[in-house]
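Asks: As given, the protein sequences belong to chains A and B, one line each in that order.
Here this note's numbering is used: the first residue of the first sequence is 29, the next is one more, and so on.
Here this note's numbering is used: the first residue of the second sequence is 12, the next is one more, and so on.
Got a structure for you, questions after.
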Amino acid sequence: MLTNKRLILAHFWLAFIVFGVALVLGAWQMFVRSPLNAWHFDPEFYYRSVTAHGSAMGYVFPTLIAMGFGYAISEAALERPLVGRRWAWAGFFLVAVGAVVAMVPVSLGLASVLYTFYPPMVGNLFYYIGVVMVVVGSWIWVALMSINLAAWKRDNPDKPVPLAMFANVAGSYLWGWTAVGAALEIIFQILPVALGLRSTIDAGLARVFFSWTLHAIVYFWLIPTYIAYYTIFPRAIGGRLYSDAMARISFILFLVVAMPIGVHHLFADPQVGAGFKFMHSVFTGLVALPTLLTVFTICASAEIASRLRGGSGAFGWVRALPWQNPIMLATALSLVMLGFGGVGGLINMSYQLDASVHNTQWVTGHFHLIFGGAIVIMYFAIAYDLWPHLIGRALDSFGLMRTQLWLWFIGMIVTTFPWHYVGMLGMPRRMAYYDYANPAISPQAFSVSMSAVGGLILLTSGILFLIVLIRGQMAAASEAGAYRFSVPLHIPVRIPVALNSFGLWLALMIGLTVVNYGYPIAQLMTLPQTNVPAVYVGASR
Amino acid sequence: MSDQPLFSFRNPWFSASVGVTAGIAVLAALAGLIWLPLAQPDLKLSGIWDAICSAAGVPRVSSQGTAIQPDFKTSNVVMTSEMLKRPDQVSIGRGATLAQRCAICHGPQGVSDANSPNLAGQFAAVTYKELNDFKTGARVNVVMSPFAATMSDQDMLDVAAYYSYLPRVPSNNLDPKIPAPQIVTTGAPMRNIAPCGSCHGDIDNKAGSPWLGGQSAVYIKAQLRAFASGARRNDISQQMRNIARHMTPEEIDEVARYYEAQP
């Protein structure tokens, strides 16, 4: 039963509005730095736009989706109204106001530091305050998810926690802990400089703190997608989830090993020892494990659904799947993009292979394919699936949905494959201008133009998505019934306490963080003379 | 749910997960901190402890004796973005008196047609740094070096404050309509040349970069050539030498004419 529909809808609508604006900026960026556009303006505008695009897509959009979806899961899976409704609204307004507070200085050109902050660059104070408000708002959600689970457990001591809620709370704990890194960086290092109390900053330590957040944040974005794989997809295609325990183990593995791996973003940084880079690399490799488990379980669930529909043969069952169903299509396209993006990721995280692609467009291609592709396409699917239950009207533009999903997939492939390629040719990322007339760069001109076309396809798909939702808003009222999650093949009656609680896994998560980050952070904090002068963005230098 | 205590080695989930996690962490640490560094002969490690320290990133004090010292004086001025931003009136007044002896080349109002640099309206930090470099010998000029040699630190601060206080005067070749050369707006990325404008004012102004508008073209050209040949080397971290070395003679002519024509 969804009782707080307005709360959930508010999160989703704000998320998709922010997404729409950031998508336009993204397409514009693709265009202006491509050979299709003759360079004719201040590059600062480009960095302003990149900062706004990254902050909106990285902090605001997925956070709101995770929060809104999380509240929906809490009510639908636990079958009781949300505890702390007022707090949830307070969290929502913190995120909304924070997003505006952060975006004003960015649009004024006072905080073009990119969403990854990049000290010693320091932007306007209000940019960081806005980001902190977004994070604090999301921490309210983390607390509420934990409280709602505890309240349910108290009343149902002998029942296993529903899978959707278990995964949801795992995602919230992951975010609660991983956001600590960036929070430490902002509060103790950047804000004193932005306030003018200090004029120097330890850029190396700041980057280590940010790496604490930077990789696991991706898994926080990924968790709603994985929840949709496990708890929406099998039900939507008329099948059953292959294994409930496998699903729980996947989310537990994310919780434990997604955290202590961020230093693989710092392979080219001198302030972290090579030994710790290797250790982080090992744990990054381990994160492939829950993804492989998931791909296996989801494919097995699809096979169950297909065979129930009369599919047969070793591979013939694939044809019998309900391909007309948007959730089926979205999941399949998502898994394809996850596959390509995952393979690229294994290259990024390998110490030696990374050296050939570090800080090139390859990396931009990689995270757009994983986040923009595999993850966001499932956000669309979640919206399509949940919308009728939220607005009490049916979404019936199925043809439009399929077109939209296909365009998103094609657009993302056309955008990111050429990016990977020019990255291998050595094209650096985060640059506003490339001299394509230069013989050394001109071979990249075609690929870059192609990826700009991909950006326009993505924009078209984004517009179609909003049209589907708006058409739903105008449809006749129809009751969608209670929102249900998929049922596992073997319904768990009694499960081990380890698969039904988080204490052990949180202890391992924090323990591994201390093992992998403790020494590098302690060393940088105690070393003298590691600060460099801050570079104030937008100020006269 | 199962009544078995979670945090107990009798719980197989606990012992297996903690055991496997700790095992992987220990193996990764052994490989990353001991085995891999020792496998690299180039590191010339003396033992296991040395390997661990090296791989953990413990900084080592390098022997100062072996550092190669330059055979010329380098600038000892530390530039910051806030340097000399707020001159006081007393300093400007003292500077006006001291600047009388500069007037013969730099003009009574800080502007001259003698192709010596125009100083009116120049950032105080820039003038101060150059005077300081002439005094220490980091920059050498037959006329300027003897003048600077006798100046105190306060003298240099005052003169710099005075010239930054004077209004900028456009040159006789003022022509704001002249289009900005490409090297000024976009630089030459493949030669590692940042746009001139990203430091010298058209796009952004960075600490220590002089204002070039209205500057004598002859002077700009001479300085770029001096940077390229290495005759002048008081630029911090070789910023200008690295750029000037990769500029073509045509580009040097172009930027000199462009900046002279700017206000």
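Ideal Cβ positions, reconstructed from N, Cα and C, are used throughout, including at glycine.
By the three-class DSSP mapping on this structure, what secondary structure does asparagine 544(A) have?
Replies: Translated into positions along the first sequence, residue 544(A) becomes position 516. It is helical.
Asks: Could you check whether the Cβ of valine 137(B) sits closer than 8 Å to any Cβ belonging to chain A?
Replies: Here residue 137(B) corresponds to residue number 126 of the second sequence, with the count starting at 1. No, valine 137(B) lies away from the interface with chain A (no Cβ there is under 8 Å from its Cβ).
Asks: Buried or exposed for arginine 114(A), going by 16 or more other Cβ atoms inside 10 Å?
Replies: Locating residue 114(A) in the first sequence gives position 86, counting from the first residue. Label assigned to arginine 114(A): exposed.
Asks: Would tryptophan 67(A) pass as an interface residue toward chain B - the criterion being a Cβ-Cβ separation below 8 Å?
Replies: On the first sequence, residue 67(A) is found 39 positions in, with the first residue counted as 1. For tryptophan 67(A), the answer is yes, since a Cβ of chain B falls inside 8 Å of its Cβ.
Asks: Answer yes or no: does any C-beta atom of chain B fall closer than 8 Å to that of asparagine 152(A)?
Replies: Residue numbering aside, residue 152(A) sits at position 124 when the first sequence is read from its first letter. For asparagine 152(A), the answer is no, since every Cβ of chain B falls outside 8 Å of its Cβ.
Asks: Alpha carbon to alpha carbon, how far is proline 274(B) from proline 181(B)?
Replies: Along the second sequence, read from residue 1 onward, the residue named residue 274(B) stands at position 263. Along the second sequence, read from residue 1 onward, the residue named residue 181(B) stands at position 170. Between proline 274(B) and proline 181(B), the C-alpha separation is close to 5 Å.
Asks: Could you tell me how far apart the beta carbons of proline 206(B) and valine 195(B) are, in whole angstroms, since I believe they sit closer than 8 Å?
Replies: For the purposes of this step, residue 206(B) is identified with residue 195 of the second sequence, where counting begins at 1. For the purposes of this step, residue 195(B) is identified with residue 184 of the second sequence, where counting begins at 1. Their Cβ separation, rounded to whole angstroms, is 6 Å, which keeps proline 206(B) and valine 195(B) in contact under 8 Å.
Asks: Is glutamine 15(B) close to chain A? Criterion is C-beta to C-beta, closer than 8 Å.
Replies: By 1-based counting over the second sequence, the position of residue 15(B) is 4. Yes, its Cβ sits closer than 8 Å to a Cβ of chain A.
Asks: Does the beta carbon of phenylalanine 324(A) come closer than 8 Å to any beta carbon on chain B?
Replies: Here residue 324(A) is taken as the residue at index 296 of the first sequence, counted from 1. Phenylalanine 324(A) does not count as touching chain B.
Asks: Within 10 Å of its beta-carbon, does asparagine 22(B) have 16 or more other beta-carbons around it, so buried, or fewer, so exposed?
Replies: Along the second sequence, one-based indexing puts residue 22(B) at 11. Label assigned to asparagine 22(B): buried.
Asks: How is proline 456(A) classed by DSSP in three states: helix, strand or coil?
Replies: Locating residue 456(A) in the first sequence gives position 428, counting from the first residue. Note: proline 456(A) maps to strand in three-state DSSP.
Asks: Among all the DSSP beta bridges, which residues are the ones paired with tyrosine 564(A)?
Replies: For the purposes of this step, residue 564(A) is identified with residue 536 of the first sequence, where counting begins at 1. Tyrosine 564(A) pairs with Val150(A).
Asks: For a minimum of 4 consecutive residues, which ranges assigned as the alpha helix (DSSP H) are wholly contained in the stretch 199-243 of chain B?
Replies: Counting whole runs of 4 or more residues, the stretch 199-243 of chain B contains the alpha helix (DSSP H) stretches 208-211, 228-240.
Asks: Suppose the cutoff is 7 Å on Cβ atoms and the five residues either side in sequence are ignored; what does the same chain contact list for alanine 36(B) look like?
Replies: Indexing the second sequence from 1 puts residue 36(B) at position 25. So the list is empty, once near-sequence residues are dropped.
Asks: Taking only the alpha-carbon atoms, compute the straight-line gap between isoleucine 93(A) and histidine 448(A) and give it to the nearest angstrom.
Replies: As a first step, residue 93(A) is located in the first sequence; it is residue number 65 there, counting from the start. As a first step, residue 448(A) is located in the first sequence; it is residue number 420 there, counting from the start. Spanning the two alpha carbons is a distance of roughly 28 Å.
Asks: Measuring CA to CA, which of Val525(A), Gly427(A), Ala465(A), Leu527(A) is closest to phenylalanine 493(A)?
Replies: Residue 493(A) sits at position 465 when you count from the first residue of the first sequence. When only C-alpha atoms are compared, the closest one is Gly427(A).
Asks: So, helix, strand or coil for leucine 269(A), using DSSP?
Replies: For the purposes of this step, residue 269(A) is taken as the residue at position 241 of the first sequence. Residue state, collapsed to three classes: strand.
Asks: Using a Cβ cut-off of 9 Å, which residues of the stretch 36-54 of chain B contact any Cβ in chain A, in chain order?
Replies: From the stretch 36-54 of chain B, only Ala36, Leu38, Ala39, Ala40, Ala42, Gly43, Leu44, Ile45, Leu47, Pro48 have a Cβ closer than 9 Å to chain A.
Asks: Taking 8 Å as the threshold (C-beta atoms), are tyrosine 174(B) and glycine 121(B) in contact?
Replies: Stepping through the second sequence from its first residue, residue 121(B) is reached at position 110. Stepping through the second sequence from its first residue, residue 174(B) is reached at position 163. For glycine 121(B) and tyrosine 174(B), yes; Cβs fall inside 8 Å.
Asks: Within its chain, find whatever has a CB closer than 7 Å to the CB of leucine 484(A); leave out the 5 residues flanking it on each side and keep chain order.
Replies: Reading the first sequence from its first residue, position 456 is the one you call residue 484(A). So the qualifying residues of the chain are Ala55.
Asks: Measuring CB atoms only, is the stretch 101-108 of chain A touching the stretch 505-525 of chain A, in the sense that at least three cross pairs come out at less than 8 Å?
Replies: Because the criterion of three Cβ pairs below 8 Å is met, the stretch 101-108 of chain A and the stretch 505-525 of chain A touch.
Asks: Hey, quick one: how far does the alpha helix (DSSP H) through serine 329(A) stretch, first residue to last?
Replies: For this step, residue 329(A) is matched to residue 301 along the first sequence. It spans 316-336 - the alpha helix (DSSP H) in which serine 329(A) sits, taken as one unbroken run.
Asks: Would you mind telling me which residues of chain B sit closer than 7 Å to valine 543(A), beta carbon to beta carbon, in chain order?
Replies: Taking the first residue of the first sequence as position 1, residue 543(A) is located at position 515. Under the 7 Å cutoff, chain B gives Ala36.
Asks: Measuring alpha carbon to alpha carbon, tell me which of Leu536(A), Ala124(A), Pro147(A), Gly112(A) ends up nearest proline 288(A).
Replies: As a position in the first sequence, residue 288(A) is number 260, starting the count at 1. Cα-wise, what sits closest to proline 288(A) is Leu536(A).
Asks: My guess is that leucine 17(B) and alanine 526(A) are in contact by the Cβ rule of under 8 Å, so how many angstroms apart are they, rounded?
Replies: By 1-based counting over the second sequence, the position of residue 17(B) is 6. By 1-based counting over the first sequence, the position of residue 526(A) is 498. Going by Cβ atoms, the distance from leucine 17(B) to alanine 526(A) rounds to 6 Å, so yes, they are a contact pair.
Asks: Identify every run of the alpha helix (DSSP H) within the stretch 139-216 of chain A, keeping only runs that are complete inside it and at least 4 residues long; order them along the chain.
Replies: Runs of the alpha helix (DSSP H) inside the stretch 139-216 of chain A: 153-183, 191-212.
Asks: Would you mind giving the Cβ-Cβ distance between valine 197(A) and phenylalanine 530(A), rounded to the nearest angstrom? I have them listed as a contact below 8 Å.
Replies: Working through the first sequence from its first residue, we reach residue 197(A) at position 169. Working through the first sequence from its first residue, we reach residue 530(A) at position 502. At roughly 7 Å, the Cβ-Cβ gap stays under 8 Å, so valine 197(A) and phenylalanine 530(A) are in contact.
Asks: For glycine 199(A), which of Tyr462(A), His386(A), Tyr461(A), Ile280(A) has the nearest alpha-carbon?
Replies: Walking along the first sequence from the start, residue 199(A) turns up at place 171. Closest option to glycine 199(A), Cα to Cα, is Ile280(A).
Asks: Just to confirm my understanding: we take leucine 366(A), look at its own chain, exclude 5 residues before and 5 after, and list those with CB closer than 6 Å. What are they?
Replies: Residue numbering aside, residue 366(A) sits at position 338 when the first sequence is read from its first letter. Counting only Cβ-Cβ distances below 6 Å, and skipping sequence neighbours, we find Ala402.
Asks: Less than 8 Å separating the beta-carbons of leucine 109(B) and valine 153(B)?
Replies: Here residue 109(B) refers to the residue found at position 98 of the second sequence. Here residue 153(B) refers to the residue found at position 142 of the second sequence. Their beta carbons are not under 8 Å apart, which means leucine 109(B) does not touch valine 153(B) by this criterion.
Asks: Isoleucine 194(B) versus chain A: which residues are under 7 Å apart at the beta carbon?
Replies: Here the question's residue 194(B) lines up with position 183 in the second sequence. Those within 7 Å of isoleucine 194(B) in chain A number zero; the least Cβ separation is about 11 Å.
Asks: Determine whether the Cβ of tryptophan 25(B) lies closer than 8 Å to any Cβ atom of chain A.
Replies: Taking the second sequence and counting its residues from 1, the one referred to as residue 25(B) is at position 14. Note that residue 25(B) is phenylalanine in the sequence shown here, rather than tryptophan. Closer than 8 Å to some Cβ of chain A, the Cβ of phenylalanine 25(B) qualifies, so yes.
Asks: Report the residue from Phe73(A), Ile491(A), Arg499(A), Gly224(A) whose alpha carbon sits nearest the alpha carbon of glycine 137(A).
Replies: The sequence position of residue 137(A) within the first sequence is 109, counting from 1. The residue with the shortest Cα to Cα distance from glycine 137(A) is Phe73(A).
Asks: Suppose only complete runs of 4+ residues qualify. What are the alpha helix (DSSP H) ranges in the stretch 46-101 of chain A, listed by chain order?
Replies: With a minimum length of 4 residues, the continuous alpha helix (DSSP H) runs that stay inside the stretch 46-101 of chain A are 71-83.
Asks: What is the DSSP secondary structure of alanine 508(A), reduced to helix, strand or coil?
Replies: Working through the first sequence from its first residue, we reach residue 508(A) at position 480. Three-state result, alanine 508(A): coil.
Asks: At a Cβ threshold of 8 Å, is alanine 67(B) touching chain A?
Replies: Numbered from its first residue, the second sequence carries residue 67(B) at position 56. Closer than 8 Å to some Cβ of chain A, the Cβ of alanine 67(B) qualifies, so yes.
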